[in-house]
Ligand SMILES: Cc1cc2nc3c(=O)[nH]c(=O)nc-3n(C[C@H](O)[C@H](O)[C@@H](O)COP(=O)(O)OP(=O)(O)OC[C@H]3O[C@@H](n4cnc5c(N)ncnc54)[C@H](O)[C@@H]3O)c2cc1C
Ligand SMILES: Cc1cc2nc3c(=O)[nH]c(=O)nc-3n(C[C@H](O)[C@H](O)[C@H](O)COP(=O)(O)OP(=O)(O)OC[C@H]3O[C@@H](n4cnc5c(N)ncnc54)[C@H](O)[C@@H]3O)c2cc1C
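Protein chains in written order, with our numbering: chain A, 524 to 860; chain B, 829 to 1112.
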């Protein structure tokens, strides 16, 4: 039996105060690592009105979160990674005095990796990024991770008393706790240190979300490449029928057919949805690096030799402009019929 | 790396400005177009002979060179820095071909098996050492190593050196002793600013790396590369390598290829087959 410990979870949320999907998965993973200890949420408030509402607290309670620490910052913008890291480091030190703190979990994103790096230097913790599994083995945090463009699986132990782990979305299915809690909200004002003050956030423009699910955590992603020739309507139609997100290759984003934030791949967003559908996508290695860990892969391409077919569970050699609309119509008819 | 001088870097022409020094970190990685593998110890096999400069670091070199060229000042310097085994020298050679003025290769068996923090310790020690010769104004890295892909290095370096870290610049400006970057994140676009010295990483959208010509390639072949050990850097080997690693790979194995793959030619019912497949697999 492992001793009960504290696990901190950074609760990512939208500017409107809604939980981002991986928060639920993180809390689920955190319970396993806490071993009947305490899961503590950390809510970094981006403005004075930004606080966890009743619905959010109920959701976190169902996931077994004991307390939520609402962080505000003095002297620096709370949306910078240095402030987030400082808050996590201060909370870690304080909570650790009550009960050993074993892990800090964050959703895998570029921003959170910055906070993770800072936390590693400040607390002496080992960091694992992009984990897709998390377990406690004899008191040690052990992570699973798919690497080298989805072609290798690794298991990696963290040797330090504290583990900092960024967890990929869709890796650990969210599940409610056996016993729901009523999380208490604790206010914490962070006085920005020299590192936090060194960087000025001149401006930050949130992008509107098109009403579709978040690309990084969506269960279904339909991706368009050069083969769309800039016409994403068939891709969007199928994504909407499936309740999925729309992604793109770098060619499509470079051409300006769709926003840069839709780019999937090694230099874009890494996704591992239950279902990936690529249309007019050749399957270049840079692209595969960002999607090869997906559950089921379907490819529609008019070239039978396209490399993406090598990693597709179902490959359809055909024109995306006829195949996609037909699939969407079939699915719609099924739903209505 | 710290300095008391105003302003260390300024844009535009004219004026007698102090020379600028930029350190650009370049990593040698296995070619991503080739077969890549992990060894028994969970480390990337790096002796396959088909290693290259991490292509994202070409953007870092380009960014550093462009900053210096825009100033057109005598005495400015771009130093390429790599940490890695013998073959890693190819990464700094490539940077020299592109136009870097100097190359430093930290080569020491004690670095083998380092994790991200352990690698950052070595890079930070090397930057500090370079800073003792003459102040370093800016450290530029790529957005990720295409093997490790942690993207931790730039922020780790900033923390260890005690200077601002501004990762993921798709646009980079240095003017009057401050650096400003624009960056695209998952949900937002940001502009960050900090005083120099600082660490930045640049994305592949930041620029189009130059392609060295025959003359540059030949010249780089003869250019000296400074080789430094941990001892030279005064770094305690316990802080890096397998000894200092805070993470330990327990197991590494290739993933089996996807089973039961189906490839069909669309003969008019391709979309219907796609829909049926989703229903069959319980994906709708
Ligand atoms: C598949 C795999 C997974 C790994 N996962 C983890 C993990 O989860 N946690 C962990 O602590 N370590 C991990 N490591 C080890 C870690 O990646 C390396 O030790 C370290 O060198 C960082 O490499 P990176 O490619 O991740 O760096 P990144 O942070 O992605 O690289 C960013 C930039 O830093 C510079 N840079 C990186 N390495 C060097 C170098 N050696 N010399 C010069 N410049 C450099 C380059 O400019 C590069 O573009 C992993 C390694 C592998 C192969
Ligand atoms: C450093 C670096 C980083 C990169 N990072 C990324 C990244 O993160 N993500 C990324 O995606 N790319 C990245 N790239 C680019 C990558 O190498 C490929 O160029 C890109 O993924 C190809 O995009 P594509 O599949 O849309 O285009 P193409 O390779 O041109 O493929 C288009 C495909 O569409 C098919 N097609 C055409 N018309 C139709 C039709 N009517 N119906 C069906 N099929 C059709 C064609 O047969 C072809 O296979 C990177 C490159 C570099 C150098």
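We put the beta carbon where it would ideally sit given N, CA and C, even for glycine. Remember, predicted model here, so these are calculated numbers, not experimental data.
Rounded C-alpha distance that separates residue i from residue j
i	j	result
residue 1018 of chain B	residue 1087 of chain B	43 Å
residue 767 of chain A	residue 1103 of chain B	15 Å
residue 687 of chain A	residue 597 of chain A	25 Å
residue 858 of chain A	residue 1031 of chain B	43 Å
residue 632 of chain A	residue 536 of chain A	13 Å
residue 824 of chain A	residue 1065 of chain B	52 Å
residue 660 of chain A	residue 797 of chain A	27 Å
residue 854 of chain A	residue 851 of chain B	55 Å
residue 823 of chain B	residue 832 of chain A	Residue 823 of chain B cannot be examined here, being either before or after the span of chain B that is shown, 829 to 1112.
residue 590 of chain A	residue 723 of chain A	31 Å
residue 529 of chain A	residue 1076 of chain B	22 Å
residue 605 of chain A	residue 794 of chain A	26 Å
residue 701 of chain A	residue 583 of chain A	13 Å
residue 709 of chain A	residue 1012 of chain B	32 Å
residue 840 of chain A	residue 630 of chain A	36 Å
residue 864 of chain B	residue 704 of chain A	47 Å
residue 836 of chain B	residue 931 of chain B	Summary for residue 836 of chain B: the model assigns pLDDT 41, below 50, so the residue's position carries little reliability; its value from the coordinates is reported in the next sentence. Each residue's Cα considered, the two are about 22 Å apart.
residue 802 of chain A	residue 970 of chain B	30 Å
residue 935 of chain B	residue 1053 of chain B	11 Å
residue 567 of chain A	residue 707 of chain A	15 Å
residue 1040 of chain B	residue 918 of chain B	14 Å
residue 564 of chain A	residue 593 of chain A	8 Å
residue 757 of chain A	residue 742 of chain A	19 Å
residue 848 of chain B	residue 626 of chain A	42 Å
residue 622 of chain A	residue 890 of chain B	49 Å
Buried or exposed by the 16-neighbour rule on C-beta atoms within 10 Å, applied to residue i
i	result
residue 560 of chain A	buried
residue 869 of chain B	exposed
residue 826 of chain A	exposed
residue 534 of chain A	buried
residue 841 of chain B	The predicted model places residue 841 of chain B with a pLDDT of 36, which falls under 50 and marks its position as unreliable; any figure quoted below should be read in that light. Classification of residue 841 of chain B: exposed, given that the 10 Å Cβ count is below 16.
residue 949 of chain B	buried
residue 808 of chain B	The structure shown does not extend to residue 808 of chain B, since chain B spans only 829 to 1112, so no value can be given for it.
residue 965 of chain B	buried
residue 967 of chain B	buried
residue 668 of chain A	buried
residue 799 of chain A	buried
residue 1046 of chain B	exposed
residue 773 of chain A	buried
residue 784 of chain A	buried
residue 740 of chain A	buried
residue 1107 of chain B	exposed
residue 1049 of chain B	exposed
residue 1078 of chain B	exposed
For residue i: DSSP bridge partner residues
i	result
residue 550 of chain A	Answer by DSSP bridge pairing: none, since residue 550 of chain A is not bridged.
residue 897 of chain B	Its beta-bridge partners do not exist; DSSP assigns none.
residue 1029 of chain B	B:969
residue 566 of chain A	A:593
residue 964 of chain B	Bridge partners of residue 964 of chain B: none, in fact.
residue 544 of chain A	None, per the DSSP bridge assignment.
residue 799 of chain A	A:744, A:820
residue 978 of chain B	Per DSSP, none; premise fails for residue 978 of chain B.
residue 1040 of chain B	In DSSP, residue 1040 of chain B forms no bridge with anything.
residue 1087 of chain B	DSSP lists no partner for residue 1087 of chain B.
residue 908 of chain B	B:852, B:931
Three-state secondary structure (DSSP) of residue i
i	result
residue 672 of chain A	coil
residue 1081 of chain B	strand
residue 1024 of chain B	coil
residue 809 of chain A	helix
residue 921 of chain B	helix
residue 756 of chain A	helix
residue 684 of chain A	coil
residue 604 of chain A	helix
residue 783 of chain A	helix
residue 1099 of chain B	helix
residue 864 of chain B	coil
residue 572 of chain A	coil
residue 1094 of chain B	coil
residue 584 of chain A	helix
residue 846 of chain B	coil
Near ligand 3, which residues have their beta-carbon less than 5 Å from any of its heavy atoms, given in chain order? This structure lacks ligand 3; the ligands present are ligand 1 and ligand 2.
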